[in-house]
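Student: When you number the sequence shown by the working numbering, it's gap-free, plus one each residue, and the end is 345.
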Amino acid sequence: MKTDILVIGAGPVGLFTVFEAGILGLKCTLIDNLDKPGGQCAELYPDKPIFDIPGVPYQTAQEHVDALLKQIEPFDYDLILNERVESISKKDDVWLVTTNKGSRVETPNIFIAAGAGSFEPIKPNLERDYSSLEGNKIFYAIKDKTLFKDKKVAIFGGGDSALDWTVELQKVGAEVSLVHRRDAFRGAPDTEISVRKLNEERKIELLTPFIIKDIVGNKNIDSIKLFNTGTKEELDINADYILFFYGLNKKLGPINDWNLELSGNKIQVNTENFETDKEGIFAVGDINTYPGKLNLILSGFHETTLAVQKAFNRVYPGERVPFGYTTSSKKIHEKLGYSEK
Ligand SMILES: Cc1cc2nc3c(=O)[nH]c(=O)nc-3n(C[C@H](O)[C@H](O)[C@H](O)COP(=O)(O)OP(=O)(O)OC[C@H]3O[C@@H](n4cnc5c(N)ncnc54)[C@H](O)[C@@H]3O)c2cc1C
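(1) Would residue 225 and residue 137 qualify as a contact pair, given that the criterion is a beta-carbon distance under 8 Å?
(2) Given a threshold of 16 other Cβ atoms within 10 Å of its Cβ, counted over all protein chains shown, does residue 346 qualify as buried or as exposed?
(3) On the criterion of 16 or more Cβ atoms from any shown chain inside 10 Å, does residue 13 qualify as buried, or is it exposed?
(4) Does the distance between the C-beta of residue 122 and the nearest non-hydrogen atom of ligand 1 fall short of 7 Å?
(5) Residues in its own chain within less than 6 Å of residue 234 by CB, not counting five upstream and five downstream?
(6) Quick test of your reading: residue 288 and residue 17, contact by CB under 8 Å. State the CB separation rounded to the nearest angstrom.
(7) Taking the alpha-carbon positions, what's the residue 68 to residue 60 distance?
(8) Since residue 93 sits in a beta bridge, which residues does DSSP pair it with?
(9) Is residue 17 a contact residue of ligand 1, with contact defined as CB to any heavy atom under 7 Å?
(10) Let's see if you can read the secondary structure: which residues bound the beta strand (DSSP E) around residue 273?
(11) Which word fits residue 188, buried or exposed, when buried means at least 16 other C-beta atoms lie within 10 angstroms of its C-beta?
(12) Given residue 251, which residues of its chain have a CB within under 6 Å of its CB, disregarding the five upstream and five downstream residues?
(13) Contact defined as beta carbons within less than 8 Å: I believe residue 216 pairs with residue 130. What is the distance between those atoms, to the nearest angstrom?
(14) Determine which residues share a DSSP beta bridge with residue 1 and list them.
(15) Spatial neighbours of residue 254 within its chain, please: CB distance less than 7 Å, with the 5 preceding and 5 following residues excluded, ordered by chain position.
(16) I need the straight-line Cα distance from residue 118 to residue 291, nearest angstrom please.
(17) Rounded to a whole number of angstroms, what is the C-alpha to C-alpha distance between residue 24 and residue 308?
(18) At which residue ranges does the stretch 111-162 contain complete beta strand (DSSP E) runs of 3 or more residues, listed in the order of the chain?
(19) Compute the distance between the beta-carbons of residue 160 and residue 247, then report whether it is under 8 Å.
(20) For residue 82 versus residue 21, is the C-beta distance shorter than 8 Å?
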C-alpha cells in the first residue's frame with residue numbers, strides 16, 4: 005500500500021491531519037492499535053466535557069471525535085484499526101512502515117500522532133499461559149456485542165467499561181457474571197445502581213470480592229477459578245467468554261526503537277514544521293515536545309497544519325504549497341463537495 009502521509013495514531017490530531025492534508029490534495033492512511041478512532045478522547049473520557057476547542061463552547065470528548073470524523077468524510081483516507089506500528093525503515097526517500105499484523109505501507113511522510121504512546125490492555129497476572137484463548141474466547145474490548153447473545157460471559161473489572169458492558173450485554177441476552185476484587189466500583193454511580201438492581205433481580209450475577217486465580221482450558225474455557233479475598237474460599241465458575249476490563253497502560257513501545265531524538269517519553273521536533281531529526285518523519289500532538297509545548301488538542305491541530313505544508317513539498321517537490329481560505333477557495337469547496345447556492 006502507498007500513501008502520501010502515513011499517520012500513526014487516530015486520536016484527534018491524527019484525524020485532523022486528514023482534513024489539512026485533504027485540502028492540499030494529499031491522501032492519508034491512519035493506523036491505530038485501538039479498535040476505534042479518537043485516541044484518549046474516545047478511550048479515556050468519552051462522556052466528559054471539553055470547553056477549549058476554539059469556536060465550540062461545549063462538546064463531550066466523543067462528540068468531538070464524531071465531529072472530526074464528520075469533518076473528514078469528504079476525503080479519501082484509509083483507517084487501519086487494531087494494528088500497532090512496529091517498525092519503520094527507509095529506502096531512498098521512501099519510508100516503509102510495518103505493523104504487528106504484517107501490514108506494510110510505503111510513504112514519503114510519517115506523522116507520529118501517537119499521543120502518550122500506544123494503549124495496551126492491562127492483563128491479569130496468571131501463571132498459566134492463556135494466549136490460545138485470547139481473541140476468540142478472551143477479549144479486552146468488544147467489537148460486536150451480538151457475539152455474546154445467549155452466551156455465558158464473565159466480566160472482570162470495576163470501572164465504567166465493566167459496569168457499562170454488564171448492563172449492555174445483559175440487554176442483548178447474555179448471562180453475565182461481573183467479578184470484582186472489591187465490593188465498590190470506580191465507574192459512574194448511576195450505572196453501579198443499575199448493576200446492583202440487575203443483581204437483586206437475578207438478571208446478572210455480581211461476584212465480589214473475588215480475584216481470578218486460574219483459567220482452565222485450551223480451545224474453550226472449561227472453568228474459571230476464583231478466590232474470595234474476604235472468606236478465603238475458592239469458587240469455580242463457567243463461561244463461554246471472558247472480558248477483562250482492567251484498564252489500559254500507555255506505552256511508548258516501538259517508537260523507542262526508531263532512533264529518533266527523544267526527551268524523556270516525547271519526541272523532539274522543530275517548531276517550523278514539527279519535523280523530527282529524521283527527514284520525512286514528523287511528530288504532532290501530545291507525543292512531541294518543544295519549548296513551550298502544551299498537551300492540548302488545539303496545539304496538536306496547529307502543529308499538524310504546519311507539518312502538512314512540508315509533507316506536501318515532499319510529495320510534490322518544487323511546487324508551491326497552495327494556500328486558500330476554506331471560506332472562499334473554489335478548489336477547497338470542490339474537495340469538500342460544497343457548492344454555493
Ligand atoms: C481526562 C482528560 C481530559 C482532557 N481534557 C482536555 C481538554 O479539555 N482540552 C484539551 O485540549 N485536551 C484535553 N485532554 C488532552 C487531550 O486528550 C490530548 O491532548 C489529545 O488526546 C492528544 O491527541 P493526540 O491525537 O495527540 O493523541 P491521543 O489522543 O493520545 O491518540 C494517540 C493514538 O495513537 C495510538 N498509537 C500510539 N502508538 C501507536 C502505534 N505504535 N501504533 C498504532 N497506534 C498507536 C494510540 O492508541 C492512540 O489512539 C484531556 C486528556 C485527558 C486524559
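Using N, Cα and C, we set each Cβ at its ideal position, and we do this for glycine too.
Tutor: The short version:
(1) Closer than 8 Å, so yes.
(2) The first residue shown for the chain is 5 and the last is 345, placing residue 346 beyond what the model contains.
(3) buried
(4) Inclusion of residue 122 in the 7 Å shell around ligand 1 follows from its C-beta lying nearer than that to a non-hydrogen atom of the ligand.
(5) 213
(6) 5 Å
(7) 9 Å
(8) 100
(9) Checking every heavy atom of ligand 1 against the Cβ of residue 17, one is found closer than 7 Å.
(10) Per DSSP, residue 273 belongs to no beta strand (DSSP E) and is neither H nor E.
(11) Exposed is the label assigned to residue 188, since fewer than 16 other Cβ atoms lie within 10 Å of its Cβ.
(12) Counting only Cβ-Cβ distances below 6 Å, and skipping sequence neighbours, we find 126.
(13) 7 Å
(14) Here the chain has residues from 5 to 345 only, and residue 1 is not among them.
(15) 120, 121, 123
(16) Those two C-alpha atoms are separated by around 6 Å.
(17) 8 Å
(18) 113-116, 122-125, 156-160
(19) Yes, the pair counts as a contact, with Cβ atoms nearer than the cut-off.
(20) no
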